[in-house]
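There are 2 protein chains.
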Amino acid sequence: MDDLIGIGRFARMSRLSIKALRFYDEQGLLTPAWVDPATGYRYYRRAQAGPAEAIRVLRAIDMPVGEIRDLLADDDPGLTGKRLAAHRERLRSRLTEQERMLRFLERLIDRGGNIMPYEVTVKQSLAVPVAGLTLHAGPATIGAAIHQGFGAVVGALGAAGVQPAGAPFVVYHDIIDEKSEGDVEICIPVPAGTTLPDGPVRYHEIPGGPVASTVHRGPYQEISPAYHVITGWIEENGAKSHGAPREIYLNDPQTVTPDELLTEVQFPIDRTPA
Amino acid sequence: MDDLIGIGRFARMSRLSIKALRFYDEQGLLTPAWVDPATGYRYYRRAQAGPAEAIRVLRAIDMPVGEIRDLLADDDPGLTGKRLAAHRERLRSRLTEQERMLRFLERLIDRGGNIMPYEVTVKQSLAVPVAGLTLHAGPATIGAAIHQGFGAVVGALGAAGVQPAGAPFVVYHDIIDEKSEGDVEICIPVPAGTTLPDGPVRYHEIPGGPVASTVHRGPYQEISPAYHVITGWIEENGAKSHGAPREIYLNDPQTVTPDELLTEVQFPIDRTPA
DNA sequence: GTTGACTCTCCCGTCCGGGGAGACCTCAAC
DNA sequence: GTTGAGGTCTCCCCGGACGGGAGAGTCAAC
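Residue numbers (this note's numbering), protein chains in the order written: chain A, 586 to 859; chain B, 586 to 859.
If you want it as structure tokens, here you go:
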């Protein structure tokens with residue numbers, strides 16, 4: 586059983602680099618069968634080709650070295666399965682990340698590489714009577730909350746026999762970001778003087794006035810640059826924010842792909858800059 | 586225009602970390618509008634929020650910092666488009682890599698985490714008469730070459746009115762790996778004494794003898810561990826390789842998913858070990 | 001003047017090795 | 001015994017894009 590193999594030959598056999606073998610030795614992942622105490626030369630056995638191949642395979646699927654060590658150390662198959670499953674979850678989430686990035690980049694290329702294609706304009710918004718529903722939501726729940734909220738408002742309008750009188754929108758009474766929740770109001774314009782039955786959906790009037798506005802094209806999740814462009818514009822132009830911002834949904838996610846969604850973002854301001 | 590902003594506030598505005606801003610400064614990617622020469626304090630302008638957001642977006646899709654610098658430096662839109670397209674290709678290849686790894690891991694989990702599920706057996710293979718076609722191929726072309734090769738052999742058999750007499754296989758006369766090409770012979774067993782018309786597909790007999798054998802289950806691209814297990818087994822058992830290895834295709838890629846493909850790998854050996 | 005928040009530079013760590021320097025070793029040929 | 005070729009050792013630096021922290025200096029409000 587003295588089939589000792591120098592590191593170079595073993596590297597060729599296992600298709601691992603010498604550097605990698607030394608590193609795995611240092612990490613306690615694949616220790617040479619014998620190390621000459623005088624020279625420090627590492628010698629491996631043929632029987633170590635199996636573990637070496639396992640390491641190669643697991644590294645090829647990008648499992649961290651420390652986890653490979655743990656996985657090889659205990660030979661409980663159940664535990665092994667758990668570790669592999671954990672790694673699968675990691676790979677899956679990385680895969681969806683990659684997909685998200687690629688989709689985003691493709692949209693970016695579609696619009697000519699224009700990273701922030703936002704033009705800010707000022708307009709006078711008119712006061713608008715709406716059927717409104719106020720909800721409380723955090724960043725994780727906001728999407729579903731708005732969706733359900735519109736369902737509720739549409740339902741209330743239907744029950745009252747009222748026709749919508751304009752594009753639906755949402756008023757953000759609080760800043761909702763990664764770390765804070767707040768109130769949003771789901772609004773659908775209705776004819777002035779409409780009466781609604783008692784309930785959470787209530788008739789009132791959203792005040793008008795000057796607003797800074799821009800239009801975002803694309804999925805809702807990527808709207809945040811639009812907000813930043815507007816707030817930056819407001820600061821640069823010496824205006825002051827003057828009330829809750831709103832998002833007006835210019836087309837319908839049911840009939841249009843996410844890439845084509847148009848959303849107008851409006852910030853009420855105190856005056857019209859020169 | 587002295588709207589100078591300290592790094593902390595600018596970091597919150599742009600949602601970039603202070604560390605990142607300092608790094609981008611150092612890399613020439615986003616230089617502060619003014620740096621106090623006495624204290625070294627960095628001060629930014631509101632107008633820099635735009636470039637900062639662009640950087641944030643491009644980093645979010647994992648574009649390298651150096652390329653973002655280049656991309657922001659020249660403002661030729663055509664060049665920008667090219668850079669983005671190049672990055673798209675990178676993201677795409679990473680995506681397919683991730684997919685490959687995930688698929689591989691899922692198959693690995695399916696077979697119970699058994700990384701090298703190969704059992705090597707020794708058997709006496711019988712001499713087999715075949716219709717054979719020899720091709721020359723490299724690692725990149727081997728898959729397509731074998732596929733077309735089988736098409737050619739099947740065609741020749743059909744034209745000659747001969748029925749296949751066993752599972753098709755391939756003999757590897759040379760080692761084909763990342764850096765070397767070689768000859769492979771595409772074989773379909775036929776009844777002894779078959780005569781074939783002149784052409785590249787020729788009748789002859791593959792010799793029998795003792796072989797070390799194992800069965801690979803899964804896509805052809807992942808067969809290499811099977812080879813390593815066999816060659817390792819041969820060395821460990823003191824046998825000697827004695828002729829060209831063969832791959833026998835036990836089922837049909839047309840009727841079975843890649844996960845279920847069964848391929849027997851046989852290495853002729855000189856003698857049957859004890 | 002004091003305090004507390006802010007900012008600076010510098011260094012180390014991440015993860016998995018690759019590249020190279022300079023010294024040492026092994027094996028075979030002569 | 002000697003020589004030479006090639007194999008191997010340890011040690012150090014490098015990448016990418018920052019994060020963490022130390023120790024020192026600064027700013028703004030009271």
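Note that CB positions come from ideal geometry on N, CA and C, so glycine has one too.
Rounded separation between Thr616(B) and Asp610(B) - CA only: In this structure, the straight-line span from the alpha carbon of Thr616(B) to that of Asp610(B) is close to 5 Å.
Chain B residues whose Cβ lies nearer than 9 Å to that of Glu638(A): Chain B residues near Glu638(A): Ile700, Met701, Pro810, His813, Val814, Gly817.
Output the boundary residues of the alpha helix (DSSP H) element that contains His672(A). Element bounds for His672(A): 662-695.
May I have the straight-line CA-CA distance separating Arg644(A) from Tyr757(A), to the nearest angstrom? Distance between the alpha carbons of Arg644(A) and Tyr757(A): 48 Å.
Since His827(B) meets chain A, which of its residues come closer than 8 Å, beta carbon to beta carbon? One finds nothing in chain A with a Cβ atom closer than 8 Å to the Cβ of His827(B); even the nearest lies about 19 Å away.
Grab the span of the alpha helix (DSSP H) containing Val650(B) for me, first residue to last. Secondary structure note for Val650(B): its alpha helix (DSSP H) is the uninterrupted segment 650-658.
For Asp610(B), report the span of its alpha helix (DSSP H) as first-last. First-last of the alpha helix (DSSP H) with Asp610(B): 603-611.
Pairing CB atoms from the stretch 701-714 of chain A with CB atoms from the stretch 782-793 of chain A, are three or more of them under 8 Å? Touching, yes.
Taking Cβ to Cβ, would you say Ile590(A) is nearer than 8 Å to Arg641(A)? Cβ atoms of Ile590(A) and Arg641(A): not closer than 8 Å.
Element boundaries [alpha helix (DSSP H), containing Ile882(B)]: Residue 882(B) lies beyond the stretch modelled for chain B, which goes from 586 to 859, so this question has no answer here.
Cβ atoms of Ala639(A) and Ile700(B): under 8 Å apart, would you say? Result yes, Cβ atoms of Ile700(B) and Ala639(A) sit closer than 8 Å.
Under 7 Å by beta carbon: chain B residues contacting Glu674(A): Those do not exist, as Glu674(A) stays about 10 Å from chain B at its closest Cβ, beyond 7 Å.
Proximal chain A residues relative to Ala634(B), where beta-carbon distance stays under 8 Å: Those are His813, Gly817, listed as they occur along chain A.
When the cut-off is 8 Å and only beta carbons count, does Arg787(B) lie next to chain A? Residue-level contact check: Arg787(B) does not touch chain A, since none of the beta carbons of chain A fall below 8 Å from its beta carbon.
Please state whether DSSP places Asp837(A) in a helix, a strand or coil. When secondary structure is reduced to three states using DSSP, Asp837(A) falls in the coil class, being assigned neither helix nor strand.
Please report whether the beta-carbon of Arg597(A) lies at a distance below 8 Å from any beta-carbon of chain B. Not an interface residue.
Strictly under 8 Å for the Cβ-Cβ distance: is Asp647(B) near chain A by that measure? Under the Cβ criterion of 8 Å, Asp647(B) is counted among the residues facing chain A.
Among Val738(A), His801(A), Ala824(A), Gly767(A), whose alpha-carbon lies nearest the alpha-carbon of Pro782(A)? Measuring from the Cα of Pro782(A), the nearest candidate turns out to be Val738(A).
Straight-line gap, Asp660(A) to Glu652(A) (C-alpha atoms, nearest Å): Distance between the alpha carbons of Asp660(A) and Glu652(A): 13 Å.
Run the CB neighbour count on Ala671(B), radius 10 Å, all protein chains shown included, and call it buried at 16 or more, exposed below. By the neighbour-count definition (other C-beta atoms within 10 Å, threshold 16), Ala671(B) is an exposed residue.
Does Ser765(B) pass the burial test, meaning 16 or more other C-beta atoms within 10 Å, or should it be called exposed? That one is exposed.
With the cut-off set at 8 Å, would you say Arg668(A) and Gly717(A) are in Cβ contact? No. Outside cutoff.
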